[in-house]
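Visitor: Sharing a structure with you now.
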Amino acid sequence: MMNILFLSYATISLSKKSGTRQSAMLRALADAGHRVDLAAPSCDLPSHSQIRLLMKGKAGLPSRSKLRLKCLRATGSTSYDAVHAVDDAVFFAAYLCRWKKIPLIYDAARCFGGKVGTGRPGLWKLFPRSVLKMEARILEQASAILSPCTALTNNLNEIGSNAKVVQLEDIPLQPLYTRQEVERAALLAPFNSRPESVVVCSTLPSQTLGLRTLLMAARKVIDAVPSAAFFFSGIQHEQAEEMAFNLDISDHCIFLAADQSETFLSALDFANVSLFVPQTGTRYIQPEVYTLLHAGIPLVTLHEEAYDEVLTEKTSIQVLPNSDSIAEGLLRVIQEPLFALAVALEGQQLVADRHTYSSFKHKIRMVYRQLSKQG
């Protein structure tokens, strides 16, 4: 078994629907018997005998410099077989691995250099060529680069000609989240009347669809189906609640906070349809779409090119970014149950074929098994 230093600058949390991928990796590695030291700002995962939190008990969220210092101290006292670096933590991890002569596993979420790169924050934005060279060197150095989708795999291979990219696609949240059963009556109690059609709407950051457009679509659905109810996740509460009140639909809407994953998943269990509003202009698939497809209900979505390999005419109902089109898509699902069932089954089958936790677990364990053989 291996000793692994796992470094992430982002909080790892299932309760906030962030960190699904890293949570799955940590669990897969720990369950396989590997010892994992986790350096992250915070983590709310269930305790595991094989996972040690390096920042445990610290007051407030630690800065990146404190995380880096903790990693330096950890490598001075523990012999690690690999450093697993998530996203932009790889820049520090690459230096650390070269200095300590430790193999590097890079869990990529984006490119930093080149035409599609996001760059690095701070003064690095003034030196894009330097960032590209650094990224290319890291891709050459890493023993394995983990990519969640085809588009990112292609972009990484363009930057690093000899990059050892392994496509490890994301999975839904449901298999990782241990939650209590929530009765339908309790979940729907906040609504004044018992809804017969439930819609769960999930919006991602950086989407440009206006809040009024979204709520106007809900208004039109409620006009046609007075017993309809909506759960909204990912939008600002105060502004949304005020606008819903002005549109006279506040009795039909519940706005979920970012840390209400349990309620979100329970709502999906009882919902008739989900609505997905992806990030506008994104290049890469976000894992939340797999959670919606896994739910076994039809998915209505705004078209975004990055999702074309997942969200097709068979697995989703694609609509235009206006209230009329969104409402029409939702109403079609509500009013045509056989059509809705066919779409839901196709989406669920896609997840079952390509995005299961068992498949994810096998792939990440094989990456580390191959690394142990090289050592």
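Reminder that position 373 of the sequence shown reads as 420 in the working numbering, one-by-one numbering, no gaps. For each residue, glycine too, the CB sits at the ideal point set by N, CA and C. Bear in mind the structure is a predicted one, so any value in this text is a computation, not a measurement.
#1: To the nearest whole angstrom, what separates the beta carbons of Val-390 and Ala-318, a pair I think is in contact under 8 Å?
#2: Relative to the C-alpha of Leu-251, which residue among Leu-203, Leu-339, Val-130, Lys-162 is closest?
#3: Under a Cβ-count criterion, where at least 16 other Cβ atoms within 10 Å of its own Cβ denotes burial, should Pro-219 be classed as buried or exposed?
#4: If I measure Cβ to Cβ from Gly-207 and keep anything under 7 Å in the same chain, skipping five residues before and after, which residues do I get?
#5: Flag this pair as yes or no: are the beta carbons of Lys-117 and Ala-86 separated by less than 8 Å?
#6: Can you tell me which of the three DSSP states Leu-100 falls into?
#7: Within 8 Å, do at least three Cβ pairs link the segment 298–316 to the segment 346–353?
#8: Ignore the nearest five residues each way along the sequence and tell me which others in Ser-370's own chain have a CB closer than 7 Å to its CB.
#9: With which residues is Val-434 paired in a DSSP beta bridge?
#10: Who are the Cβ neighbours of Met-102 in its own chain at under 6 Å, not counting the five residues just before and after it?
#11: Helix or strand or just coil, what does DSSP make of Ile-206?
#12: Count Cβ pairs between the segment 147–162 and the segment 190–203 that sit closer than 8 Å; are there 3 or more?
#13: If distances are taken between C-alpha atoms only, which option among Asn-50, Trp-171, Asp-78, Ala-75 comes closest to Thr-122?
#14: Extract the residue ranges of the alpha helix (DSSP H) inside the segment 235–273, only unbroken runs of 4 or more that lie entirely within it.
#15: Taking the beta carbon of Gln-333 as the centre, do at least 16 other beta carbons fall within 10 Å, making it buried, or is it exposed?
#16: Whose CA, out of Lys-113, Ser-112, Thr-125, lies closest to the CA of Val-83?
#17: By Cβ distance, which residues of its chain are closer than 8 Å to Asp-134, with the 5 residues on each side in sequence left out?
#18: Look up Gln-395 in the DSSP assignment and say whether it is helix, strand or coil.
#19: With H, G and I counted as helix, E and B as strand and the rest as coil, what does DSSP make of Ile-282?
#20: Output the distance between the C-alpha atoms of His-341 and Asp-316, rounded to the nearest integer angstrom.
#21: State the DSSP-derived secondary structure class of Thr-310, mapped to helix, strand or coil.
#22: When DSSP labels each residue in this structure, what does Ser-62 get in the three-state scheme?
#23: Can the beta-carbon of Val-357 be found closer than 8 Å to that of Leu-322?
Guide: Taking the geometry as given:
#1: Taking the sequence shown and counting its residues from 1, the one referred to as residue 390 is at position 343. Taking the sequence shown and counting its residues from 1, the one referred to as residue 318 is at position 271. Between Ala-318 and Val-390 the Cβ distance is about 14 Å, and since that is not below 8 Å, they are no contact.
#2: As a working note, residue 251 is residue 204 in the sequence shown. Looking from the CA of Leu-251, the closest CA among Leu-203, Leu-339, Val-130, Lys-162 belongs to Leu-339.
#3: Reading the sequence shown from its first residue, position 172 is the one you call residue 219. It counts as buried.
#4: On the sequence shown, residue 207 is found 160 positions in, with the first residue counted as 1. Excluding sequence neighbours, Gly-207 sits near Ala-183, Leu-186, Glu-187.
#5: Your numbering for residue 117 matches position 70 in the sequence shown. Your numbering for residue 86 matches position 39 in the sequence shown. Cβ distance < 8 Å, so Lys-117 and Ala-86 count as in contact.
#6: Within the sequence shown, residue 100 is the residue found at index 53, counting from 1. It is a strand residue.
#7: By the C-beta criterion, the segment 346–353 is judged not to be in contact with the segment 298–316, since fewer than 3 inter-stretch pairs fall below 8 Å.
#8: In the sequence shown, the residue the question calls residue 370 occupies position 323. Taken in chain order, the residues that qualify are Thr-260, Met-263, Ala-264, Lys-267.
#9: Residue 434 lies beyond the range of the chain shown here (48 to 422); nothing can be said about it.
#10: Here the question's residue 102 lines up with position 55 in the sequence shown. Within the same chain, Met-102 has close Cβ partners Pro-109.
#11: Against the sequence shown, residue 206 aligns to sequence position 159. Residue state, collapsed to three classes: helix.
#12: Because the criterion of three Cβ pairs below 8 Å is met, the segment 147–162 and the segment 190–203 touch.
#13: Residue numbering aside, residue 122 sits at position 75 when the sequence shown is read from its first letter. Here the closest residue by C-alpha is Asn-50.
#14: DSSP runs (the alpha helix (DSSP H)) wholly in the segment 235–273: 258–271.
#15: Within the sequence shown, the letter at position 286 stands for residue 333. When all chains shown are included, Gln-333 counts as buried.
#16: On the sequence shown, residue 83 is found 36 positions in, with the first residue counted as 1. Closest option to Val-83, Cα to Cα, is Thr-125.
#17: On the sequence shown, position 87 is the one that residue 134 refers to. Around Asp-134, the same chain offers Ser-55, Tyr-56, Ala-57, Asp-154, Ala-155, Ala-156, Arg-157 as residues with beta carbons nearer than 8 Å, after the five sequence neighbours per side are excluded.
#18: Stepping through the sequence shown from its first residue, residue 395 is reached at position 348. Here Gln-395 sits in helix by DSSP.
#19: Within the sequence shown, the letter at position 235 stands for residue 282. Ile-282: coil per DSSP, three-state reduction.
#20: The residue you call residue 341 lines up with position 294 of the sequence shown. The residue you call residue 316 lines up with position 269 of the sequence shown. So the two alpha carbons sit approximately 10 Å from each other.
#21: Along the sequence shown, read from residue 1 onward, the residue named residue 310 stands at position 263. When secondary structure is reduced to three states using DSSP, Thr-310 falls in the helix class.
#22: On the sequence shown, residue 62 is found 15 positions in, with the first residue counted as 1. Collapsing the DSSP output to three states places Ser-62 in coil.
#23: What you label residue 357 is simply residue 310 of the sequence shown in a count that begins at 1. What you label residue 322 is simply residue 275 of the sequence shown in a count that begins at 1. In this structure, Leu-322 does not lie closer than 8 Å to Val-357 by Cβ.
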